[in-house]
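Participant: If you read the sequence shown in numbering that gives the first Met the number 0, its first letter stands for residue 0, the second for the next number, and so on.
What follows is a structure written as structure tokens; I'll ask about it next.
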Amino acid sequence: MTDTITSPDDIEDLEDCIRTGRPARGAGSYRIRHADEALEFHPALVDDPVPTGRQILQAIGLRPVEEFSLFAILPDGSFEDIRLDETFDVYGRRTERFVHFRSDREFRFTLDDRQMQWGKPAISGRHLKVLAGVDPSTYDVYLDVRGGHDRIIANDELVRLDEPGVERFVTLIRHTTEGSALLPERDRRYLDGSGYTYEVVQENGSVGVVLKDFPLPEGKFIQVTADTLIVLPGGYPDACPDMFFMYPTVTLAATGTLPRATQGVLSFAGRPWQQWSRHSGQWRPGVDGIHTMVNRALNALREAA
């Protein structure tokens with residue numbers, strides 16, 4: 000079905016209704032939008048504002064409809080599959096976008112904590128961003144690599160969804176912070192959400208997280224803030240980081256002396272870092288992370304003597 004066989008005055012644009020919040024009027028035809036795996040949306044007309052999956056596929060001009068799978072893209076960006084004889088209330092669900100695939104398989108993955116379904120074994124980085132509803136020019140998308148560092152997916156890179164370990168993606172606004180992709184996504188979310196200014200530095204095979212102008216307990220030290228360094232060991236986040244480091248050297252306000260067990264120095268990223276020898280072998284893989292080390296540093300600073 001096409002717009003040319005229906006009078007424009009007898010077409011209700013459901014996208015406009017949903018966007019403006021106005022009720023959908025009775026009409027001869029209702030305009031929806033559809034796309035294939037390229038995610039380039041085009042208009043189509045259906046005779047009913049509560050069409051079946053079969054009616055939508057027929058309106059798009061796909062034959063035979065039994066060879067296609069159909070999904071509604073919900074307002075939160077997630078997918079809902081629509082069976083051929085299942086009805087879908089376009090206006091009531093506030094969803095006028097549909098995507099279809101010539102495929103009898105569905106590939107499931109998580110994107111920004113939303114369950115997604117895709118009808119092809121491959122998807123591009125740009126398509127992942129479109130599905131997430133973010134600007135492809137200002138956001139990056141990462142493949143969550145369990146037990147390792149997340150891998151950034153370029154816009155034109157195709158990811159095979161049928162390969163082991165391809166299960167979860169996350170989008171993040173692009174940072175100018177050098178090396179931020181070396182951090183697991185959960186750590187980046189924690190640092191961004193906590194308001195820390197940080198950079199990730201890679202030197203001689205070691206990765207360090209520098210928290211800039213880390214606030215020190217009020218009145219405890221001569222310094223008010225200091226950069227704090229956490230060095231990530233090989234095997235992180237399953238392996239436990241050891242100690243933390245400060246720059247410049249932090250001294251106690253009451254005595255003007257160094258706190259206990261802080262005499263060591265680590266040379267990293269061109270600076271001499273004061274070593275805070277606070278060791279702990281307790282670590283829960285999959286639970287602990289940068290947030291654990293930040294809290295350990297805060298406790299050590301409060302208890303320093």
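By construction, the Cβ of each residue, glycine as well, lies at the ideal position given by its N, Cα and C atoms.
In the structure shown, what three-state DSSP assignment does I221 receive?
Facilitator: I221 falls in the coil class under three-state DSSP.
Participant: Could you spell out the range, first to last residue, of the alpha helix (DSSP H) harbouring V129?
Facilitator: Start and end: 124–131.
Participant: Pull up the distance between the alpha-carbon of P22 and that of Y90, whole angstroms please.
Facilitator: For P22 and Y90, the distance between alpha carbons rounds to 8 angstroms.
Participant: According to DSSP, is S205 part of a helix, a strand, or is it coil?
Facilitator: It is a strand residue.
Participant: With a cut-off of 8 angstroms, do at least 3 Cβ pairs link the stretch 259–272 to the stretch 238–250?
Facilitator: Contact holds: three or more Cβ-Cβ distances are below 8 angstroms.
Participant: Would a C-beta distance cut-off of 7 angstroms place W58 and A43 closer than the cut-off?
Facilitator: Correcting the residue type first, residue 58 is Ala in the shown sequence and not Trp. Cβ atoms of A58 and A43: closer than 7 angstroms.
Participant: Taking all protein chains shown into account, do 16 or more other C-beta atoms lie within 10 angstroms of the C-beta of H278, making it buried, or fewer, making it exposed?
Facilitator: With fewer than 16 other Cβ atoms within 10 Å, it is exposed.
Participant: Using beta-carbon positions only, say whether V199 and L182 come within less than 7 angstroms of one another.
Facilitator: For V199 and L182, yes; Cβs fall inside 7 angstroms.
Participant: Check this for me: beta carbons of D103 and T51, under 7 angstroms apart or not?
Facilitator: No. Outside cutoff.
Participant: Could I get the ranges of all uninterrupted beta strand (DSSP E) runs contained in the stretch 223–286, with 3 residues as the minimum, in chain order?
Facilitator: 224–231, 243–246, 264–267, 270–275, all fully within the stretch 223–286.
Participant: Can you name the start and end residues of the alpha helix (DSSP H) that E85 belongs to?
Facilitator: E85 -> no alpha helix (DSSP H), and no H or E assigned at all.
Participant: Measuring CB to CB, does E11 end up less than 7 angstroms from Y29?
Facilitator: A contact, by the Cβ cut-off of 7 angstroms.
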